[in-house]
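Going down the list, the protein sequences come from chains X and P.
If you want the working numbering, it's the 1-based position in the first sequence plus 9.
Counted from 1, the second sequence has number 112 at position 117 by the working numbering; the numbering is strictly sequential.
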Amino acid sequence: MLHAVQRILSAAVGTGHLDPSTPLLTAYPAAAMRVGRGPLALGERDRRELHAVAPGIGFERWTREDAARALLLIAHRAGARTGDRFVADARACFEQGDAREQESWLRAIALWPEAKSFLPDAIEACRTNIVPVFEALACENPFPSQHFPDRNFNQVVLKAMFNSIALERIVGLNARLNPELSRMARDYAAERTAAGRSVPADIDLAMQEPR
Amino acid sequence: MKIFDPHIHMTSRSTDDYEAMARAGIIAIVEPAFWLGQPRTHAGSFVDYFNSLLGWERFRASQFGIRHFCTIGLNPKEANNPKLSAEVLAILPRFLAKDGVVAVGEIGFDDQTDEEEACLMRQIELAAEFKLPILIHTPHRDKKRGTERTIDAVRRAGFPEERVLIDHNNEETLPVVLATKCWAGHTIYPNTKMDEQRMAALVKKYGTDRIIVNSAADWGISDPLKVPKTIEVMRQQGIDEASIQKIVWDNPVAFFAQSGRLDVSGLEQRPAVDRTQKFATNSVLRGDQR
């Protein structure tokens, strides 16, 4: 799967930024300056192939720097002697990243065979106040529905509503419906109504009971 | 009208704010320890922050004639990293012992995790040990359940409810809090939490006992004059002066006086401003050092 992603993203942004002599923690932030910040241009065929190999990831919302950073991590992973090494190095990119670097990192998080190791980082990322960072994980990203325990997944859904984010952007929401989420959504609607405020139009997507 | 804002994060505010607050009649404030908008990753960052609340910020307030008190605690948003939280909990006692610390707080729930609950329980123990009241932060998400869980925690710990101030209430949580002996804080924000009109309606419905209002002004969209502005709206809504005075002065003073560290006599006298004073060789003045 990573081979196909690597091939398509390389064709889209080039590989000029991939200098193996540059340390990862220097190359990762510099990616935007190397490839630019514009939207990632993908042909229809590439898009279809990406969706087939990495379903749920919203590549069409990625920027060129997101793709360049994913390519850096793919190359770094190929050269890492162990999975643990890769996890530690990739985690450093997240922990030391600015908001934009963290967005790139979160958008690519579901690509890695080691993805589950990043669960604590992803849960921590959801505590951010920076909405684009939150969206990078919560929206067009299969990671929360694949890996989050119910309690954390429910917080993602509630926080999305809190930030006026359309619930249809949460990948796999329907499959993760649960009675507690339904109760939380009902309470949220009651709280908004009592405060004289509007209730999100799409709240039913979270309120319905699992089938 | 004497005004006490019992919850405001002055670290994030400017000297213009201090001047406007003093002009509007605010005499005393409590600055709770909270998070700074993005997570800290080292316990040392907390040491510097707590020292700043007790030192530089108190001095800054004094330069504008405002009495500054603070609460110290590990907030729930940063309680989910077990290594960090253990280190911060270990340094809390030396700060809780300090003069000017009038409560343990803000503590409580955010995501309502087991880690948050463990930190909450430990800090309730510390409050009992240091004979301090507790300032509770209630969560943004799943607020009513979070409020109920907090009250359960206080009861399980056997902590006296009358020494607990539960903050950021709304129409759904206020009846839950008033059914206990805890005090009920309300944060008046421009867009979220509570606004002035709704607050006046709650006072008319529930009265003034154990009711407190604050601005919780911080680094986000907020307004350090929300307590004076709420006073105006309460007046327009026909709430009498004595009731308003109770909400914006008597109640917060009575609550924090339980710490034994709020000198109630003379509290309402605005402290004299002496701008020749310095804090660790620094002053708030720029240039005019006479």
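For glycine and all other residues, C-beta sits at the position ideal for the given N, C-alpha and C.
Figure out for me which residue from the options has the closest Cα to the Cα of residue i.
i, options, result
"W214 of chain P", "P:L197, P:A148, P:D12", "P:D12"
"T108 of chain P", "X:I132, X:I118, X:P122, X:A117", "X:I132"
"I(-2) of chain P", "P:N277, P:G255, P:V208", "P:V208"
"N246 of chain P", "P:L79, P:T187, P:V159", "P:V159"
"R256 of chain P", "P:V99, P:N75, P:T36", "P:V99"
"T225 of chain P", "P:A19, P:F251, P:W30, P:I161", "P:A19"
"M16 of chain P", "P:N165, P:G60, P:K93", "P:G60"
"A84 of chain X", "X:A108, X:A204, X:R16", "X:R16"
"E166 of chain P", "X:Y197, X:V166, X:A76, X:D98", "X:Y197"
"P129 of chain X", "X:L120, X:E104, X:E110, X:R109", "X:E104"
"K176 of chain P", "P:N186, P:R150, P:P77", "P:R150"
"M(-4) of chain P", "P:A249, P:A237, P:Q253", "P:A237"
"P209 of chain X", "X:E218, X:L167, X:P219, X:P188", "X:L167"
"E263 of chain P", "P:R62, P:R8, P:D190", "P:R62"
"V25 of chain P", "P:T276, P:S278, P:R281, P:V248", "P:V248"
"P219 of chain X", "X:A203, X:G181, X:L120", "X:G181"
"R160 of chain X", "X:L186, X:L146, X:E144, X:A145", "X:L186"
"D55 of chain X", "X:T202, X:A204, X:V14, X:L176", "X:V14"
"T252 of chain X", "X:I212, X:R43, X:A21, X:R94", "Outside the shown range of chain X, which is 10 to 220, sits residue 252 of chain X, and nothing can be said about it."
"A215 of chain X", "X:A79, X:R206, X:F171, X:A89", "X:F171"
"E124 of chain P", "P:P155, P:R144, P:E111", "P:P155"
"E177 of chain X", "X:H12, X:L190, X:D211", "X:D211"
For the beta strand (DSSP E) containing residue i, list its first residue and its last residue.
i, result
"H132 of chain P", "129 to 132"
"C65 of chain P", "62 to 67"
"D0 of chain P", "-2 to 0"
"I3 of chain P", "No beta strand (DSSP E) holds I3 of chain P; DSSP gives it neither H nor E."
"V208 of chain P", "206 to 209"
State yes or no: is the C-beta of residue i within less than 9 Å of the C-beta of residue j?
i, j, result
"S154 of chain X", "I179 of chain X", "yes"
"L115 of chain P", "A148 of chain P", "yes"
"I106 of chain P", "Q164 of chain X", "Here the sequence assigns Asp to residue 106 of chain P, which means Ile is not the residue at that position. Their beta carbons are under 9 Å apart, which means D106 of chain P touches Q164 of chain X by this criterion."
"V198 of chain P", "I129 of chain P", "no"
"K287 of chain P", "E200 of chain X", "Nothing can be reported for residue 287 of chain P: it is not among the residues displayed for chain P, which extend from -4 to 285."
"L48 of chain P", "T6 of chain P", "yes"
"A39 of chain X", "S113 of chain X", "no"
"R86 of chain X", "L49 of chain X", "no"
"I119 of chain P", "A152 of chain P", "yes"
"F64 of chain P", "V97 of chain P", "yes"
"M203 of chain P", "V172 of chain P", "Residue identity check: residue 203 of chain P is Thr in the sequence provided, not Met. Their beta carbons are not under 9 Å apart, which means T203 of chain P does not touch V172 of chain P by this criterion."
"F274 of chain P", "F104 of chain P", "no"
"G47 of chain X", "E149 of chain X", "no"
"Q134 of chain P", "P71 of chain P", "Checking the displayed sequence, the identity of residue 134 of chain P turns out to be Pro instead of Gln. Cβ atoms of P134 of chain P and P71 of chain P: closer than 9 Å."
"P34 of chain P", "N76 of chain P", "yes"
"F222 of chain X", "I118 of chain X", "Nothing about residue 222 of chain X can be read from this structure; chain X reaches only from 10 to 220."
"I102 of chain P", "I146 of chain P", "no"
"L34 of chain X", "L82 of chain X", "no"
"A76 of chain X", "L18 of chain X", "yes"
"G92 of chain X", "P122 of chain X", "yes"
"F127 of chain X", "A169 of chain X", "no"
Please report the residue range of the alpha helix (DSSP H) in which residue i lies.
i, result
"W51 of chain P", "51 to 57"
"E112 of chain X", "108 to 116"
"T202 of chain X", "188 to 203"
"D159 of chain X", "159 to 171"
"I251 of chain P", "Reading the sequence as shown, one finds Phe at residue 251 of chain P and not Ile. Where F251 of chain P is concerned, the enclosing alpha helix (DSSP H) stretches over 246 to 252."
"G88 of chain X", "73 to 88"
"E133 of chain X", "128 to 134"
"H26 of chain X", "It is not in any alpha helix (DSSP H) - H26 of chain X carries neither H nor E in the DSSP assignment."
"E26 of chain P", "No alpha helix (DSSP H) contains E26 of chain P, which is instead part of the beta strand (DSSP E) from 21 to 27."
"T225 of chain P", "221 to 231"
"A179 of chain P", "Segment 178 to 182 is the beta strand (DSSP E) holding A179 of chain P; no alpha helix (DSSP H) there."
"L214 of chain X", "213 to 216"
"T35 of chain X", "33 to 44"
"H37 of chain P", "Taken as a continuous stretch (DSSP letters only), H37 of chain P belongs to no alpha helix (DSSP H), as it is neither H nor E."
"R56 of chain X", "53 to 62"
"K139 of chain P", "138 to 151"
"A99 of chain X", "92 to 104"
Note to self: Output needed in chain order: residues of the region 247 to 265 of chain P with a Cβ under 8 Å from some Cβ in chain X.
What the structure shows: So the list is empty, because no residue satisfies the distance condition.
Notebook entry, point to check: Closer than 8 Å, Cβ to any Cβ of chain X: which residues of the region 69 to 88 of chain P, in chain order?
Noted result: Sequence-ordered contacts of the region 69 to 88 of chain P with chain X read K72, N75, N76 [C-beta pairs closer than 8 Å].
Checklist line | chain P contacts made by the region 160 to 184 of chain X, where a contact means CB separation under 9 Å | finding: Cβ contacts with chain P come from R160, N161, N163, Q164, L167, K168, M170, F171.
Next item on the list: Report the residues of the region 129 to 140 of chain X with a CB closer than 9 Å to any CB of chain P, ordered along the chain.
Entry: Residues P129, I132, E133, C135, R136, T137, N138, I139.
Checklist line | Residues within the region 24 to 40 of chain P neighbouring chain X, beta-carbon criterion of under 8 Å | finding: Per Cβ criterion, the list reads G32, Q33, P34, T36.
Next item on the list: With a floor of 4 residues, list each alpha helix (DSSP H) that falls wholly inside the region 103 to 130 of chain P, ordered by position along the chain.
Entry: As far as the region 103 to 130 of chain P is concerned, its whole alpha helix (DSSP H) runs of at least 4 residues are 109 to 124.
Note to self: What are the residues in the region 131 to 160 of chain P lying within 8 Å of chain X by C-beta distance?
What the structure shows: If you check each beta-carbon in the region 131 to 160 of chain P against every beta-carbon of chain X, the ones closer than 8 Å belong to H135, R136, D137, K138, K139, R140.
Next item on the list: With 8 Å as the limit, tell me which residues of the region 93 to 109 of chain P have their beta carbon closer than that to any beta carbon of chain X; keep them in chain order.
Entry: Answer set for the region 93 to 109 of chain P: D105, D106, Q107, T108.
Note to self: What are the residues in the region 193 to 206 of chain X lying within 8 Å of chain P by C-beta distance?
What the structure shows: Using a CB distance below 8 Å, the part of the region 193 to 206 of chain X facing chain P consists of M193, D196, Y197, A199, E200, A203, A204, G205, ordered along the chain.
Next item on the list: Identify each residue in the region 167 to 195 of chain P for which the Cβ-Cβ distance to at least one residue of chain X is less than 7 Å, and report them in chain order.
Entry: Within the region 167 to 195 of chain P, E167, R193 place their CB atoms closer than 7 Å to a CB of chain X, listed in sequence order.
Next item on the list: Tell me the start and end of each unbroken alpha helix (DSSP H) in the region 155 to 204 of chain P that is at least 4 residues and wholly inside, in chain order.
Entry: Taking only runs of at least 4 residues, the alpha helix (DSSP H) segments lying wholly in the region 155 to 204 of chain P are 169 to 173, 191 to 201.
Next item on the list: Scan the region 70 to 107 of chain P and note each continuous alpha helix (DSSP H) run of 4 residues or more that stays entirely inside, going in chain order.
Entry: Counting only runs of 4 or more, we get 77 to 91.
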